[in-house]
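Participant: Just so you know, the sequence shown maps onto residues 80 to 239 in the numbering used here. Ideal placement from N, C-alpha and C gives every residue a C-beta, glycine not left out. Quick caveat: nothing in here was measured; it's all calculated off a predicted structure.
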Amino acid sequence: MGSAVLLLLVALVLARPWEELGSEEGPASATVVVTRVVDGDTVEVQLDGAEEDVRYIGVDTPETVKPDTPVQCFGPQASAFNHRLVEGRRVRLVFGAERRDVYGRLLAYVYLDGRFVNAELVRRGLARTLTIPPNDRFAGQLKRLEIAAARAGRGLWGVC
C-alpha cells in the first residue's frame with residue numbers, strides 16, 4: 080500500500096506543468112491588484128508588501144515612456160487599452176521560467192478573469208510578439224495571433 084501511494088504522488092507531481100510547482104524564488108503564480116499601468120506591456124502591483132514592476136512575457140507594445148525614446152506609433156492606444164483593462168483590477172500572474180529581466184522587473188503571463196491579457200494585446204494589434212527564451216511557453220500561440228492581426232490590418236498593423 081505504501082509504495083502505491085508513493086507511486087501515485089510521484090505521478091501527480093510529474094503530471095503537473097513544471098511552472099506550477101514554483102521554485103526557490105517563490106510560488107509560480109500570484110493573484111495581485113494592478114496599482115498602476117506603466118505602459119502597454121508593464122504594470123505595477125503590490126506583491127508581498129512591496130511595489131513590483133511586472134513586464135508581460137512574449138509581447139512588446141510600442142514605447143510611450145522609455146527614456147530618450149520618442150512615443151512610437153500606436154503606443155498611446157496600447158497603453159490606454161491596458162489601462163482600461165487591468166488598472167485597479169485583480170489579476171493572476173503566472174511567472175516565467177526566468178522570473179526577472181535585466182531591469183529587475185518580474186516577468187509574467189497576465190490573466191484577468193481567465194482572459195490571457197498578453198494574447199489579447201497581440202490579437203488586437205496592440206503588440207508585436209517578443210520571444211526571449213526560456214520564457215517561450217506561449218510563443219507559438221502569440222505568433223499565430225500576430226500573423227492574424229497583421230493580415231487583418233488590426234491596430235498598429237493597419238496604421239504604422
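Please tell me whether L186 and N161 are closer than 8 Å, where the distance is taken between their beta carbons.
Facilitator: no
Participant: Does A227 come out as helix, strand or coil in the three-state DSSP assignment?
Facilitator: helix
Participant: So the candidates are E166, L126 and G128; which of them puts its Cα closest to the Cα of G113?
Facilitator: The residue asked about is misnamed: residue 113 is Val in this sequence, not Gly. Looking at the Cα atoms, E166 is the closest of the given residues.
Participant: Can you check DSSP and say which residues form a bridge with F217?
Facilitator: None, per the DSSP bridge assignment.
Participant: Just how far apart, CA to CA, sit R179 and R134?
Facilitator: Roughly 9 Å between the two C-alpha positions.
Participant: DSSP three-state label for R163, please.
Facilitator: helix
Participant: Among the candidates E130, F217 and L209, whose CA atom is the shortest distance from the CA of V269?
Facilitator: Limits of the chain in this structure are 80 at one end and 239 at the other, which puts residue 269 out of reach.
Participant: Under a Cβ-count criterion, where at least 16 other Cβ atoms within 10 Å of its own Cβ denotes burial, should A231 be classed as buried or exposed?
Facilitator: The residue is exposed, with fewer than 16 neighbouring Cβ atoms inside 10 Å.
Participant: Alpha carbon to alpha carbon, how far is E199 from T143? Give it in angstroms, no decimals.
Facilitator: 19 Å
Participant: Can the beta-carbon of A206 be found less than 8 Å from the beta-carbon of V138?
Facilitator: yes
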